[in-house]
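Using this note's numbering, read the sequence shown as starting at -12 and increasing by one per residue.
Idealized CB from N, CA, C, for every residue including glycine.
Quick notes on the structure that follows.
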Amino acid sequence: MQYEIAIMISIQNLKVEFSSKPLFDNISYVINKKDKIALVGKNGAGKSTMLKIIAGLQQPTSGLVSKPADLTIGYLPQQMRLADETTLRAEVMKAFDHVKMLDEELTWLNQLLAERTDYESESYQKLIDEIGHKTDQLTLLRSDNCEAELEKTLIGLGFERTDFDRPTSEFSGGWRMRVEIAKLLLTRPDVLLLDEPTNHLDIDSIQWLETFLKNHSGAVVLVSHDRAFIDNVTSRTIEISLGKIYDYNVNYSHFVELRKERLEQQMRAYENQQKLIHDTEDFIERFRYKATKAVQVQSRIKQLEKIERIEVDQVDTSHLRLKFPPAPRSGDYPVIAEDVAKNYGDLQVFKGVTFTIKRGEKVAFVGKNGAGKSTLVKCIMNEIPFDGSLQIGHNVKIGYFAQNQAQLLDESITVYDTIDYVATGEMRTRINDLLGAFMFGGEESEKKVKVLSGGEKSRLAMMRLLLQPVNLLIMDEPTNHLDMRTKDILKSAIKDFDGTVIVVSHDRDFLDGLVEKVYEFGGGRVREHLCGIYEFLEHKKIATLAELERKEKPQSVAKGEVQDVKQSKLDYLEQKEQSRRLKQAQKRVATLESRINELESEIKEIEEKLSAGAAGDPDIYSRHARCSEELEATMQEWETASEELELINQQL
């Protein structure tokens, strides 16, 4: 039976090639019943491809993936097509369709059993065993209250009870990804394959997901660049590096130490053997033609032939060297906010925001998605209008890394030209050195931006930030798409930076030891915490319990009574205006999403033509550039529209 099998999935001699270039070379390993595995490696190593192969969505060039016929696999890709025809509750209840199917299958088997009369036959006994097994399965599944599990999962992922009956079409793309995560978790598959599941989650939801995965009875294979998350969830680490895998039965942090030790030991053994080989070859060469040494020479030749050569594991030795230029001295207080407020029409994003950031401080903006973190950054950058006072200090020079910075790059030009177009003064003479330091040396600098991975585009966008000295760094989700090694290098560079830093991030490990002050966004307010990220999280758990006690009484009021209270506060005209704004916002988001889908399809069609050899068409590249530019602009407009829609729904 399935629950008696220790090895759930066996990967044997796996090989994958793209354009005759090997991505995996003869890889073998197994996934056991309760394994919690971190799949790690640099960007482009093949982590997502490995998950797709295990899920059965992609076929390897050669090799075999063996698994039981009745094994259930839940796969969460980084991007997916999202359903939006139902309410949130109805969509997530689809996760329990397998319970209904099992019930129907059991009914059919019992009918089949009632028609049988061959009571002594082997097939009759097998049928009874199958019915018994499926009855046990159904009893186990029904022991959980589906509604209670649904509610617990959705609230854990950040939804409110008032969201349950809202159409899923009202939610932004990030929140709809959470819907898919909820459905996947509630199906309780034997194996969970998760590709960057924290990309759309805030800190509270990440911590909830950690607890869920640690308690999950099946296997988990996890790709994530969030070190704290994978350290807390996993106990086995498989590294993919240059076509090979290295399998360690420890969490990621311990794996990093063991990998370093292994490479050091291997290198010492290799160097000792190389010295022996060199000395032996030197002896043979010196005495090859001396008759008195003929016996010794032949002995050394045989000795050399018998040596089993030690090979040093091929390691990616490219190294990103990131150092921000010295910060010009600014005034003592680079940012002073007094009673800052931001509205979208009648919607209040935040108000009463008052704080002072001193020169040299490194602070974090944290909070739920849609709480206004990026909005306040845009206010500081003077990109959008706001109420109140925001003073930027004397001689403050701002370096801004936006959340969509990588998407703003011109994809039609090369890496070299991207830097050449913005470099000035003496930096123009150091472009090649800078490109080499960011792992874009040699032929890499001639690549078109459009062929770069997400991590490579982020590195390129970061390079542009280094081309002129600044003393206030504002970085909005700078670690998105960066692998863990590059994140470590960026963190070290920011720590060494002698200017002032504001970081918007949900990555606890990245913020740990980097910031000494945390600004918490939520409920239309911004609260200052004079501590590091983990001290803030510990404090927040206590604060949250107190808030839950205060909220408990209103939540116990019947739904109809709550509606009556709301209606008593709003007159007919106000309700009508709210409804009108909601419909307008929904329509705008839907229109933009439709256009995004059209543009993505058109770009995909163009790229397929290019792959098929249509490069001779003189208009095809300009069409691709136009579509790409329009897609970027539409995506930005969609993000703003989605944020406004979320705020409208929060006010209702």
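If residue i and residue j are in contact, beta carbons under 8 Å, what's the gap, nearest whole angstrom?
i, j, result
"L641", "L579", "Here the chain has residues from -12 to 639 only, and residue 641 is not among them."
"K478", "L501", "6 Å"
"I367", "V322", "6 Å"
"D407", "I418", "6 Å"
"E647", "K349", "No answer is possible for residue 647: the residues shown for the chain start at -12 and end at 639."
"L447", "L439", "7 Å"
"F216", "T174", "Rounded, the Cβ-Cβ distance is 21 Å, inconsistent with contact."
"V409", "G375", "No, V409 and G375 are not in contact; Cβ-Cβ is about 33 Å, not under 8 Å."
"K329", "T362", "6 Å"
"V166", "L63", "About 12 Å; that fails the 8 Å criterion."
"N238", "T221", "6 Å"
"I118", "L93", "7 Å"
"I583", "W625", "6 Å"
"G230", "S192", "Not really, about 35 Å apart at Cβ, beyond 8 Å."
"D182", "L38", "5 Å"
"A577", "S228", "The Cβ separation is near 44 Å, so there is no contact."
"S53", "Q(-1)", "7 Å"
"M449", "L421", "Not really, about 11 Å apart at Cβ, beyond 8 Å."
"N13", "D189", "So it is not a contact: roughly 41 Å between Cβ atoms."
Looking at the secondary structure, which residues open and close the alpha helix (DSSP H) in which residue i lies?
i, result
"S286", "A281 to K293"
"Y257", "Y239 to F274"
"L654", "Absent from the model: residue 654. The displayed extent of the chain is -12 to 639, so no value can be given."
"V436", "Note, V436: premise wrong, no alpha helix (DSSP H); not H, not E."
"I(-4)", "Counting along the chain, I(-4) falls outside any alpha helix (DSSP H), though it belongs to the beta strand (DSSP E) covering I(-6) to F5."
"I406", "V402 to D407"
For the candidate residues the options, whose alpha-carbon lies nearest to that of residue i?
i, options, result
"F146", "C133, A169, L452 and E134", "A169"
"N467", "F508, Q394 and V513", "Q394"
"V79", "N259, W162 and Q390", "W162"
"R613", "D483, E398 and N202", "E398"
"E592", "S581, I607 and R582", "I607"
"S492", "V327, H187 and K437", "H187"
"I(-6)", "E515, E72, V178 and L63", "V178"
"G28", "Q252, T473, V402 and G519", "T473"
"N369", "G357, F352, A324 and G354", "A324"
"I24", "E134, A42 and S211", "S211"
"D213", "W625, N584 and M471", "M471"
"V513", "H526, K360, N238 and R249", "K360"
"A480", "T224, P312 and D494", "P312"
"D494", "Y111, L44, D475 and G511", "D475"
"Q378", "D319, M426, N356 and G429", "D319"
"V364", "Q390, G339, H381 and L44", "Q390"
"S609", "E594, T621 and A620", "E594"
"H265", "Q252, Q290, R249 and E248", "Q290"
"L498", "Y506, Q45, I520 and E102", "I520"
"D333", "E251, I(-2) and N636", "N636"
"T401", "Q253, L469 and K444", "K444"
"I41", "I18, A32 and A628", "I18"
"K574", "L632, E244, F199 and M622", "L632"
Would you say residue i reaches chain C, if we count a Cβ-Cβ gap shorter than 7 Å as a contact?
i, result
"L422", "Of the protein chains in the structure, only one exists, and it is not chain C."
Could you check where the beta strand (DSSP E) with residue i kicks off and where it finishes?
i, result
"K139", "That residue, K139, is in no beta strand (DSSP E); its alpha helix (DSSP H) goes C133 to G143."
"Y387", "I385 to F388"
"D57", "From DSSP, D57 is part of no beta strand (DSSP E); its letter is neither H nor E."
"D397", "D397 -> no beta strand (DSSP E), and no H or E assigned at all."
"M462", "L459 to D463"
Specify whether the stretch 478 to 491 and the stretch 459 to 468 touch according to this definition: at least 3 beta carbon pairs, one from each stretch, less than 8 Å apart.
Counting C-beta pairs with one atom in each stretch, the stretch 478 to 491 and the stretch 459 to 468 have three or more that are closer than 8 Å, which means they touch.
Tell me the start and end of each unbroken alpha helix (DSSP H) in the stretch 148 to 178 that is at least 4 residues and wholly inside, in chain order.
160 to 173
Give, in chain order, every unbroken run of the alpha helix (DSSP H) that is at least 4 residues long and sits entirely within the stretch 188 to 234.
190 to 202 and 214 to 220
Three or more beta-carbon pairs under 8 Å between the stretch 231 to 242 and the stretch 43 to 62, yes or no?
no
Check whether the stretch 336 to 350 and the stretch 281 to 288 are in contact - that is, three or more C-beta pairs closer than 8 Å.
no
Just to confirm the assignment: which complete beta strand (DSSP E) runs, minimum length 3, are found wholly within the stretch 478 to 537?
487 to 491, 504 to 509 and 512 to 516
Quick one: complete beta strand (DSSP E) runs, 3+ long, within the stretch 7 to 43?
DSSP runs (the beta strand (DSSP E)) wholly in the stretch 7 to 43: 8 to 19 and 23 to 27.
Which ranges would you report for the beta strand (DSSP E) in the stretch 310 to 374 if only whole runs of at least 3 residues count?
Correct list: 322 to 331, 334 to 344 and 349 to 354.
If contact is defined by three or more beta carbon pairs under 8 Å, each pair taking one atom from either stretch, is the stretch -2 to 10 in contact with the stretch 199 to 214?
no
Taking contact to mean at least 3 C-beta pairs separated by less than 8 Å, is the stretch 42 to 49 in contact with the stretch 256 to 264?
The stretch 42 to 49 makes no contact with the stretch 256 to 264, as fewer than three CB pairs between them are under 8 Å.
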